[in-house]
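Position one of the sequence shown corresponds to residue 0 (numbering that gives the first Met the number 0), numbered consecutively onward.
Where is the CB? At the ideal position from N, CA and C, for every residue including glycine.
Quick caveat: nothing in here was measured; it's all calculated off a predicted structure.
Structure first, then comments.
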Amino acid sequence: MAAARVLLLRSGRPEPVSFSQSVCGLLGAGPGATHCGLKRGQLVLSDRPFPGASARLPLQRPPFCPFAALDQQPGAPGAELPTNRGVDLGVAVILQSSDQTVLLTRRTRTLNVSPNLWVPPGGHVELDEELLDGGLRELWEESGLQLPRGQFSWVPLGLWESAYPPRLSWGLPRYHHIILYLLVISQESQQQLQARIQPNPGEVSAFMWLGPDVAAAVAATEDGAETPRHLPQDLPPSVPAVELGEDGGARPLALPTSTLLRTTPAAADSQERVSTGTKFALRLWLQHLGSVTPLSRGSGAHSDPGPAKEEQNVDPLPARPGI
0 MAAARVLLLR SGRPEPVSFS QSVCGLLGAG PGATHCGLKR GQLVLSDRPF
50 PGASARLPLQ RPPFCPFAAL DQQPGAPGAE LPTNRGVDLG VAVILQSSDQ
100 TVLLTRRTRT LNVSPNLWVP PGGHVELDEE LLDGGLRELW EESGLQLPRG
150 QFSWVPLGLW ESAYPPRLSW GLPRYHHIIL YLLVISQESQ QQLQARIQPN
200 PGEVSAFMWL GPDVAAAVAA TEDGAETPRH LPQDLPPSVP AVELGEDGGA
250 RPLALPTSTL LRTTPAAADS QERVSTGTKF ALRLWLQHLG SVTPLSRGSG
300 AHSDPGPAKE EQNVDPLPAR PGI
């Protein structure tokens, strides 16, 4: 069995979470926050403080989480789920430019997991890899961007329980992750970053820089919400993006704003839209942007003068009720 990546602290001992168990369900995670710590590529979570905890972060899952649905359905085909796997650990980078836009990428249609979705750069955290290093590696692998040391700051935003397929109506889940969203704030402008971006065509088919106004509208289209949130009437009809051609070239793309406002359908498809976890991360980014401007050490952000060290990430973040 592969090494456990996500563990829950129970009775003073960290225990691995099996693939079929909902982490949020086990923790009873609601709109509050979860205490967490990372050591050697493992994420330890608890509903109360513990020695070694490095942050207190929101932890959420979508309202249609298949693992939650399986827990609530007696006789559900849970026996068909993997029994020799745990929950995997992922990291995604919300890269913010100095002029307060964030980078989103569209996954290619040929990927086996979440094709055609708009997401921030991210992926698996390797064993013994620190969170920031993993996020910066994924950023470089997918976008070609390497951030100069000492020219950015960073702060953990929140944790998201992710499954694929995302709904039980799409089929039994084949992947189960806890994703940590990291906000990385560059001192470079969108234009400066844009000049250096070189997306990986094997993973990325398009990219864009999203500003706070449109991001707020996207974040408000919460998948599974009982009542839709009021959306502003003055949204632009399209958002500028860059699309990669089959020949490797890039061309401007006027992406309809309505595409970004789509929600996860009940039936399986690969319709272009923003992932539910990304909407969660955008809400956290906007809250952080509104509460701390500019970011500084005193706000709980971390400057990065040199090689990443896990000890840098020791300032606990305040709980963020209602998210």
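query: Near glycine 143, which residues of its chain fall below 8 Å by C-beta distance, leaving aside the five closest residues on each side in sequence?
result: Once the five neighbours on either side are set aside, the close Cβ partners of glycine 143 are Arg195, Ile196, Gln197, Pro198 and Asn199.
message: In the DSSP output, what is cysteine 35 paired with across the bridge?
response: Note: cysteine 35 sits in a beta bridge opposite Leu44 and Ala54.
field: Same chain only: Cβ atoms within 6 Å of arginine 250, ignoring 5 sequence neighbours per side
entry: Within the same chain, arginine 250 has close Cβ partners Glu242.
- prompt: By DSSP, does glycine 299 sit in helix, in strand, or in coil?
  reply: The predicted position of glycine 299 is uncertain, since its pLDDT is 48 and thus under 50; a value taken from the coordinates is nonetheless stated next. Looking at glycine 299 - three-state DSSP - the assignment turns out to be coil, as it is neither helix nor strand.
query: In whole angstroms, what separates the C-alpha of alanine 2 from that of leucine 110?
result: Their Cα atoms are separated by approximately 25 Å.
task: Quick one: residues in its chain with C-beta nearer than 7 Å to the C-beta of proline 81, no 5 flanking neighbours on either side, listed in chain order?
output: Beyond the five residues adjoining it in sequence on each side, proline 81 comes within less than 7 Å, by CB distance, of Phe18 in the same chain, given in chain order.
task: Would you be able to state if there are at least three C-beta pairs under 8 Å between the region 261-276 and the region 106-123?
output: Cβ pair count under 8 Å is three or more, so yes.
Close beta carbons around phenylalanine 49, own chain, < 7 Å, minus the five adjacent residues each side: So the qualifying residues of the chain are Leu8 and His34.
field: 8 Å contact criterion, which arginine 166 and alanine 265 should meet: CB distance rounded
entry: Between alanine 265 and arginine 166 the Cβ distance is about 7 Å, and since that is below 8 Å, they are a contact.
- request: Measure the CB-CB distance between valine 92 and glycine 36 and report whether it falls below 8 Å.
  value: No, Cβ-Cβ distance for valine 92 and glycine 36 is not below 8 Å.
- prompt: Under the rule that 16 or more other beta-carbon atoms within 10 Å means buried, what is glutamate 79, buried or exposed?
  reply: The residue is exposed, with fewer than 16 neighbouring Cβ atoms inside 10 Å.
message: Less than 6 Å between C-beta atoms, sequence neighbours within five positions excluded: which residues of the same chain meet that for valine 273?
response: Sequence-distant Cβ neighbours of valine 273 in its own chain, meaning closer than 6 Å and more than five residues away, are Trp117, Val217 and Leu259.
message: Quick check on DSSP: helix, strand or coil for proline 251?
response: The answer is strand: DSSP assigns proline 251 an E or B state.
- request: Please specify which runs of the alpha helix (DSSP H), each continuous and at least 4 residues long, are wholly inside the region 114-162, giving them in chain order.
  value: Taken in chain order, the complete alpha helix (DSSP H) segments of 4 or more residues contained in the region 114-162 are 130-142.
message: Considering Cα atoms alone, identify which of Leu58, Ser53, Gly11 and Val16 is closest to glycine 27.
response: Checked all of Leu58, Ser53, Gly11 and Val16; the closest Cα to glycine 27 is Leu58.
- prompt: Is arginine 106 helix, strand or coil when you go by DSSP?
  reply: In this structure, arginine 106 counts as strand in the three-state DSSP scheme.
field: glutamine 186 classed as buried or exposed, judged by whether at least 16 other C-beta atoms fall within 10 angstroms
entry: That one is exposed.
message: With distance defined between alpha-carbon atoms, name the residue in Gln20, Ala280, Asp233 and Glu160 nearest to serine 257.
response: Out of Gln20, Ala280, Asp233 and Glu160, Asp233 has the C-alpha closest to the C-alpha of serine 257.
query: Between which two residues does the alpha helix (DSSP H) harbouring glycine 244 extend?
result: From DSSP, glycine 244 is part of no alpha helix (DSSP H); its letter is neither H nor E.
Reduced DSSP category for glutamine 95 - H, G, I as helix; E, B as strand; rest coil: Strand, per DSSP.
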